[in-house]
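Data block below; observations after.
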Amino acid sequence: MKTASSFCFALIFCSISLMAQPDSTPSSIVQDALKQKKAMHENSLVKNVPFTNIGPSIMSGRVVDIDANPEDPAEFYVGYASGGVWHTVNNGATFIPILDSSETQNVGDIAVDWKNHTIWVGTGENNSSRSSYSGIGILKSKDNGKTWTNVGLTDSHHIGRILINPDNPDEVIIGVTGHLYSPNNERGIYKTDDGGQTWSQKLFVDDMSGIIDVAHSPNNFNIMYAASWTKDRKAWNFDGSGNNSHIYKSTDAGETWNKISTGSNGFPAGQGVGRIGLAVYDDNTVYAFHDSQFRRPDDKKKDDSKGLTKESFKTMSVSELLNLDDKKLDGFLKRNGFQEKYRAQNVKQMVRSRNVKPIDIAKYLENANSMLFDTPVIGAEVYR
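So for the sequence shown, my numbering puts the first residue at 1357; every next one is plus one.
Structure, rendered in structure tokens:
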């Protein structure tokens, strides 16, 4: 009986390590599926039947970008994470969806060449939640969304930012965030000089780090800053920081890049550097918003009278657990909802027989919400 209980208990604690994610779908297969979908639509018996959303309710969602007409602020486009792109000419009194005819509604960023009314959409939300869905590359429209052309980067999955040269609309910079759940090489900074006919990769950090933001000096397109973001999303976990989260600078319109956040010039470096947002004031002044994942100093005084905590088991040795007072351990197990059969004596036996480690008790109690809200990270910081 004890052997069976031990086995079940060990399986529960070790289940996380046995989980695995399937490989990402190659972009070629996605493109083939989209062609098949188009063919099915063209042969559909109801392809000419108009549909209207009549409810029961209409709800908004995550807005990922807004692009306003500099000559008429009442006209702007709004990009939604998984709700397409919407256009208004009356300051938001009414909106018209313009991405409905495309192959995806998942949006990471939008950019508009207002002089020629050309719209660029980077598909795939650039946030990294479980509900952030991937895209199919860069879409371009010259007729206000009536038709869309996919101009490349089909394996990018998620787009961080699009910059259009105001003096040459065929020159475009793309910050590619890359795959959310898996490594890939189509990420970093990409540039086109011919309106999207060809692309060249100008910056590649590594296959787990993408570009989340790019910004240029207001009066000088040659001066640019880019933010890389190292992260690791799993279905059951998210690490939102890493050693290759940095700020880069270009002085030649994105042709070459130099890392300027070294850890010795005021901006942090290391494993705790998270997502970075950029705002450029002039050629030499840039503001950086940093979602720091570095831990705050532990200012809590240890009080043994309060009993054990989840954190206690993360650093506890086998001998320390075996020497715990049974009543104290039983109290912890009861408070944290362990089944009645898992009490001090048999838990110690499982640890003694090496079926379970002390840290497994902490892992069993952790979930995505506790890691998100209970972890004492530094959080938001602004640098100049």
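C-beta: ideal position from N, C-alpha, C; glycine also.
Considering only DSSP beta bridges, list what Ile1515 is partnered with.
Val1532
Find the nearest neighbour of Ser1488 within the set Val1707, Thr1533 and Asn1576, judged by alpha-carbon distance.
Thr1533
In three-state terms, what does DSSP make of Met1580?
Of the three classes helix, strand and coil, the one that applies to Met1580 here is strand, per DSSP.
Applying the 10 Å Cβ sphere with the 16-neighbour rule, what's the burial state of Lys1657?
Because the pLDDT of Lys1657 is 48, which lies under 50, any placement of that residue in the model is unreliable, and the number read from its coordinates should be weighed accordingly. Label assigned to Lys1657: exposed.
According to DSSP, Pro1589 sits in a beta bridge with which residue or residues?
In the sequence under discussion, the amino acid at residue 1589 is Arg, which differs from the Pro named in the question. Answer is Phe1594.
Just checking my contact of Gly1516 with Gly1544 at CB under 8 angstroms: how many whole Å lie between their CB atoms?
10 angstroms between Cβ atoms; not a contact.
Spatially closest choice to Arg1740 from Phe1669, Asn1614, Val1674 and Gly1622, by CA coordinates
Gly1622
Cβ-based burial, Ile1579 [other Cβ within 10 Å; buried from 16]
buried
Taking the DSSP output, what are the residues bridged to Arg1651?
Val1733
My output table needs one value for Gln1304: the three-state DSSP class, helix, strand or coil.
Within the shown structure, residues of the chain are numbered from 1357 to 1740, placing residue 1304 beyond reach of any answer.
Answer yes or no: do Tyr1380 and His1535 have a C-beta to C-beta separation smaller than 8 angstroms?
Before going further, note that residue 1380 is Ser rather than Tyr in the sequence given. Yes, they are a contact pair.
Ile1632 - containing beta strand (DSSP E), residue span:
Ile1632 to Asp1638
Are Leu1519 and His1602 touching if we call contact CB-CB under 8 angstroms?
In this structure, His1602 does not lie closer than 8 angstroms to Leu1519 by Cβ.
Could you give the distance in angstroms between the alpha-carbon of Ser1620 and the alpha-carbon of Asn1600?
15 angstroms
By the 10 Å Cβ neighbour count, where 16 or more other Cβ atoms means buried, how is Ser1484 classified, buried or exposed?
Answer is buried; the Cβ neighbour count reaches 16.
Spatial distance of Asp1423 from Trp1470 (CA atoms):
10 angstroms
For Lys1394 and Val1386, what's the separation of their Cα atoms in angstroms?
12 angstroms
The stretch 1642-1649 in contact with the stretch 1623-1632 per 3-pair CB rule at 8 angstroms
yes
For Asp1595, I'd like the list of residues in its chain whose CB is within less than 7 angstroms of its CB, leaving aside the five on either flank, ordered along the chain.
Lys1587 and Asp1588
Helix, strand or coil, according to DSSP, for Val1405 in the structure here?
coil
At which residues does the alpha helix (DSSP H) containing Leu1495 begin and terminate?
No alpha helix (DSSP H) holds Leu1495; the beta strand (DSSP E) holding it covers Ser1490 to Ser1497.
According to DSSP, is Asn1425 helix, strand or coil?
Collapsing the DSSP output to three states places Asn1425 in a strand.
Considering just the uninterrupted stretch of the alpha helix (DSSP H) at Tyr1720, what are its terminal residues?
Pro1714 to Leu1721
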